[in-house]
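Report on the structure given below.
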Amino acid sequence: MSWKKILSGLLLAFVLVTIGFAFGKEVTLRRLRLQLPEEGLSTGGAPDAGSVPERSSPAVRVLYLHGTIRCPTCNGIEKTAREVVETEFAADWRAGRLVWQEADFQMREDLARRYEVTTSTLVVESARRSMESPPDFEKLEGVWERAGDAAALRRYIAEAIRKRLSGGGTGS
15 MSWKKILSGL LLAFVLVTIG FAFGKEVTLR RLRLQLPEEG LSTGGAPDAG
65 SVPERSSPAV RVLYLHGTIR CPTCNGIEKT AREVVETEFA ADWRAGRLVW
115 QEADFQMRED LARRYEVTTS TLVVESARRS MESPPDFEKL EGVWERAGDA
165 AALRRYIAEA IRKRLSGGGT GS
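In terms of this note's numbering, the sequence shown opens at residue 15 and continues consecutively.
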């Protein structure tokens, strides 16, 4: 067998495997879309319903938007952000003034468009005064530079949340 035949066989195998993975991913995504609730947002770890007053909308929402497949760094950023919300802002979180949510932006294309997301992103959003007012949010893109320094990451996230809770916004 010549090296050309071996090389073309390897390339053909690579192409077929790549197509197989792409097809499998698409089938899985379609199946998951059918299984997910319409809202598609998870508020995992939220306080008991009895401890949160009924509110039409929170003052601030912290939203972690991630892809279907996540790396350890993405998971670490999400974990740290959730811990900041639940510990450093526990009173606001329990009172419903601060909400934690996470969603797969590959499944929720509306969220990907709204927040202009192409990769895992942490968003801190102030409540809108009315449906006509534009969304007021900040994408915390600096989480990636601080991902290796837990203390710096916590400070960065807490500062953005504190600014929003005190009424400051960037008006993106």
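Every residue, glycine too, gets a C-beta built ideally from N, C-alpha and C.
The structure presented is a predicted model; accordingly, all values stated were derived computationally and were not measured.
For residue i, the first and last residue of its enclosing alpha helix (DSSP H)
i: D106; result: 104-109
i: A174; result: 164-179
i: R122; result: Element bounds for R122: n/a, residue is neither H nor E.
i: E152; result: Counting along the chain, E152 falls outside any alpha helix (DSSP H), though it belongs to the beta strand (DSSP E) covering 150-153.
i: R96; result: 86-97
i: V76; result: Where V76 is concerned, there is no enclosing alpha helix (DSSP H), although the beta strand (DSSP E) it sits in stretches over 74-80.
i: V131; result: First-last for V131: undefined, no H or E at that position.
i: Q159; result: It is Glu, not Gln, that sits at residue 159 in the sequence shown. First-last of the alpha helix (DSSP H) with E159: 157-160.
Limits of the unbroken beta strand (DSSP E) element including residue i
i: T135; result: 135-140
Alpha-carbon to alpha-carbon, residue j and residue i
i: E52; j: S180; result: At E52, the pLDDT of 41 sits below 50, so the modelled position is not reliable; the number obtained from the coordinates is stated separately. E52 and S180: Cα-Cα distance of roughly 32 Å.
i: M121; j: T82; result: 8 Å
i: V98; j: E116; result: 14 Å
i: R111; j: R178; result: 11 Å
i: G156; j: E92; result: 14 Å
i: I175; j: E123; result: 25 Å
i: R127; j: W158; result: 21 Å
i: A165; j: A172; result: 11 Å
i: E102; j: A36; result: 41 Å
i: P86; j: S16; result: 43 Å
i: V31; j: E40; result: 14 Å
i: L167; j: A109; result: 25 Å
i: A105; j: A141; result: 18 Å
i: L125; j: G90; result: 22 Å
i: R169; j: K19; result: 58 Å
i: S70; j: H80; result: A caution first: S70 carries a pLDDT of 43, below 50, which makes its placement in the model unreliable, though a value can still be read off. Taking the straight line from one Cα to the other gives about 26 Å.
i: G38; j: T94; result: 32 Å
i: I33; j: A27; result: 10 Å
i: E152; j: A73; result: 14 Å
Contact belief for residue i with residue j at Cβ below 8 Å, rounded distance in angstroms
i: W114; j: R96; result: 6 Å
i: L136; j: Y78; result: 5 Å
i: E139; j: R75; result: 5 Å
i: C88; j: S22; result: About 38 Å; that fails the 8 Å criterion.
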